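J.: Each residue of the sequence shown is one higher than the last, beginning at 475 in my numbering.
All C-beta atoms in this analysis are idealised placements derived from N, C-alpha and C, irrespective of residue type, glycine included.
Computed from a prediction, not measured in an experiment: that's the story for all the values here.
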Amino acid sequence: MKVLLTNDDGYQSPGVAAARDALIACGLQVLTVAPDGPRSGTSRSASFRKAITMTKAGGDDVNPIYVTNGTPTDCVRVAVLSGLASEVDAVVSGINEGANLGDDATYSSTLGSAIEGALLGFPALAASQQSRDGRFRLVDLTDYDFSCGARIMAELTRLMIRDRSKLPPRSVLNFNAPALPAGEIKIASLDRRVWDPSRIHSIETENGPGWLLFGTHPERDPIFEHRPGSDSWVLSQGHAALTPLNFEWTLPGARRGFARWTRSAVAELNEALASEQSGKELGS
């Protein structure tokens, strides 16, 4: 089983390294194709006129690492359409430094590149890690513990590949790991962002007044509705949030089928998590 791995924080980021290590430890071959630097917040931005290059930057013959001059979406497209990733079974994007929740997830190039993988015919997973301080802000994030989230992400990928024939086309899982090791994995809806104009900061630029649309102050988190069962609410309770998304526009039953599979996968993973935690308690 082989995975195409990308991310939006750059090929040298600790998140993509944690993802790669966890996927390999799970018995999967990993082809990494990632940007040459951070490309956060570009959603599904793609290069229409620029030639995208791929240069081998590390790894080995089984699990190579390539770097590109494009966006995360470009990474997926060039890997698949050039034939380099012709034998992969799934596309994984992450692990992102910071959660991708609710309405804000649509800005995410972690999710955007996973969607690109799904539209090109692969089961896909976007994985993000909340900062260690448990905050929800999009800027000024600093410290992460990828260990638990990476293991869950790898197991989710393995299950998606194992059950690929059961998944509707154009299926994406949006996975967010909490600051601390997850209590459980919860299926979650995307929450709604509440926009407060007072949080938009104006600054002077050489071209006159400008606005920082996502703020700068680390003490301010985005405002979500925190509806029970939503992804932001699940993370605030110390659980991992898993949101099944389907982009099959013409088959309304596809979403229901993907939701059923996701419930089954979460039950299997939570049983494994409980067994792992029980083993640690017995050995302590």
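Taking all protein chains shown into account, decide if residue 742 is buried (16 or more other Cβ within 10 angstroms of its Cβ) or exposed.
T.: Numbered from its first residue, the sequence shown carries residue 742 at position 268. So residue 742 ends up on the exposed side.
J.: May I ask you to report which of helix, strand or coil DSSP gives residue 640?
T.: Residue mapping note: residue 640 aligns to position 166 of the sequence shown, counting from 1. Looking at residue 640 - three-state DSSP - the assignment turns out to be helix.
J.: In the DSSP assignment, the beta strand (DSSP E) including residue 505 goes from what residue to what residue?
T.: Translated into the one-based positions of the sequence shown, residue 505 becomes position 31. Its beta strand (DSSP E) spans residues 503-509.
J.: Tell me the start and end of each unbroken alpha helix (DSSP H) in the segment 664-711 that is at least 4 residues and wholly inside, in chain order.
T.: 705-710
J.: Can you name the start and end residues of the alpha helix (DSSP H) that residue 590 belongs to?
T.: Locating residue 590 in the sequence shown gives position 116, counting from the first residue. First-last of the alpha helix (DSSP H) with residue 590: 583-593.
J.: Roughly how many angstroms separate the alpha carbons of residue 508 and residue 740, rounded to a whole number?
T.: Working through the sequence shown from its first residue, we reach residue 508 at position 34. Working through the sequence shown from its first residue, we reach residue 740 at position 266. Rounded to the nearest angstrom, the two C-alpha atoms are 28 Å apart.
J.: Do residue 620 and residue 492 have their C-beta atoms closer together than 7 Å?
T.: Start at 1 with the first residue of the sequence shown, and residue 620 comes out as number 146. Start at 1 with the first residue of the sequence shown, and residue 492 comes out as number 18. Contact: yes.
J.: How big is the Cα-Cα spacing for residue 688 and residue 674?
T.: Here residue 688 refers to the residue found at position 214 when the sequence shown is read from its first residue. Here residue 674 refers to the residue found at position 200 when the sequence shown is read from its first residue. Going from the Cα of residue 688 to the Cα of residue 674 covers about 7 Å.
J.: Looking only at C-alpha atoms, which of 476, 489 and 482 sits nearest to residue 622?
T.: Sequence index remark: in the sequence shown, residue 622 carries index 148 (1-based). Comparing Cα positions, the closest option is 489.
J.: Would you check if the distance between the CB atom of residue 667 and the CB atom of residue 535 is smaller than 7 Å?
T.: Your numbering for residue 667 matches position 193 in the sequence shown. Your numbering for residue 535 matches position 61 in the sequence shown. Going by C-beta atoms, residue 667 is not nearer than 7 Å to residue 535.
J.: So, for residue 512: in the same chain, excluding its five sequence neighbours on each side, which residues have a beta-carbon less than 6 Å away from its beta-carbon?
T.: Translated into positions along the sequence shown, residue 512 becomes position 38. Around residue 512: 483 and 484.
J.: Would residue 745 be called buried (16 or more neighbouring beta carbons within 10 Å of its own) or exposed?
T.: Residue numbering aside, residue 745 sits at position 271 when the sequence shown is read from its first letter. Classification for residue 745: exposed.
J.: Using the Cβ count rule (16 or more neighbours within 10 Å means buried), how would you classify residue 557?
T.: Here residue 557 refers to the residue found at position 83 when the sequence shown is read from its first residue. So residue 557 ends up on the exposed side.
J.: Output the distance between the C-alpha atoms of residue 546 and residue 610, rounded to the nearest integer angstrom.
T.: Within the sequence shown, residue 546 is the residue found at index 72, counting from 1. Within the sequence shown, residue 610 is the residue found at index 136, counting from 1. Straight-line Cα distance between these residues: approximately 23 Å.
J.: Quick one: what does DSSP say residue 717 is sitting in, helix, strand or coil?
T.: If you number the sequence shown from 1, residue 717 lands on position 243. If DSSP states are grouped into helix, strand and coil, residue 717 belongs with the strands.
J.: With a cut-off of 8 Å on the beta carbons, I'd call residue 575 and residue 705 a contact; round off their distance for me.
T.: Stepping through the sequence shown from its first residue, residue 575 is reached at position 101. Stepping through the sequence shown from its first residue, residue 705 is reached at position 231. About 5 Å separates the two Cβ atoms, so the contact holds.
J.: Go ahead and label residue 749 buried or exposed: buried means 16 or more other beta carbons lie within 10 angstroms of its beta carbon, across all protein chains shown.
T.: Position 275 of the sequence shown, counted from the first residue, corresponds to residue 749. Per the 10 Å Cβ criterion, exposed.
J.: Could you tell me the boundaries of the beta strand (DSSP E) in which residue 480 lies?
T.: One-based indexing of the sequence shown puts residue 480 at position 6. Under the DSSP assignment, residue 480 falls in the beta strand (DSSP E) whose first and last residues are 476-480.
J.: Could you check where the alpha helix (DSSP H) with residue 538 kicks off and where it finishes?
T.: What you label residue 538 is simply residue 64 of the sequence shown in a count that begins at 1. Careful: residue 538 lies outside any alpha helix (DSSP H), inside the beta strand (DSSP E) at 538-542.
J.: Thinking just about the alpha-carbon of each residue, which of 524, 747, 602 and 696 is nearest to the one in residue 717?
T.: Within the sequence shown, numbered from 1, the residue matching residue 717 stands at position 243. It is 602.
J.: Quick check on the DSSP output: the alpha helix (DSSP H) that includes residue 529 runs from which residue to which?
T.: Stepping through the sequence shown from its first residue, residue 529 is reached at position 55. Element bounds for residue 529: not the alpha helix (DSSP H) but the beta strand (DSSP E), 528-533.
J.: Is the beta carbon of residue 600 less than 7 Å from the beta carbon of residue 584?
T.: Counting from 1 along the sequence shown, the entry for residue 600 is found at position 126. Counting from 1 along the sequence shown, the entry for residue 584 is found at position 110. Yes.
J.: Could you pull the start and end residues of the alpha helix (DSSP H) that residue 550 belongs to?
T.: In the sequence shown, the residue the question calls residue 550 occupies position 76. Per DSSP, the continuous alpha helix (DSSP H) segment holding residue 550 begins and ends at 546-555.
J.: Quick one, which of 587, 586, 499 and 515 has its alpha-carbon nearest residue 537's?
T.: Position 63 of the sequence shown, counted from the first residue, corresponds to residue 537. With distances taken between CA atoms, residue 537 lies nearest to 499 out of 587, 586, 499 and 515.
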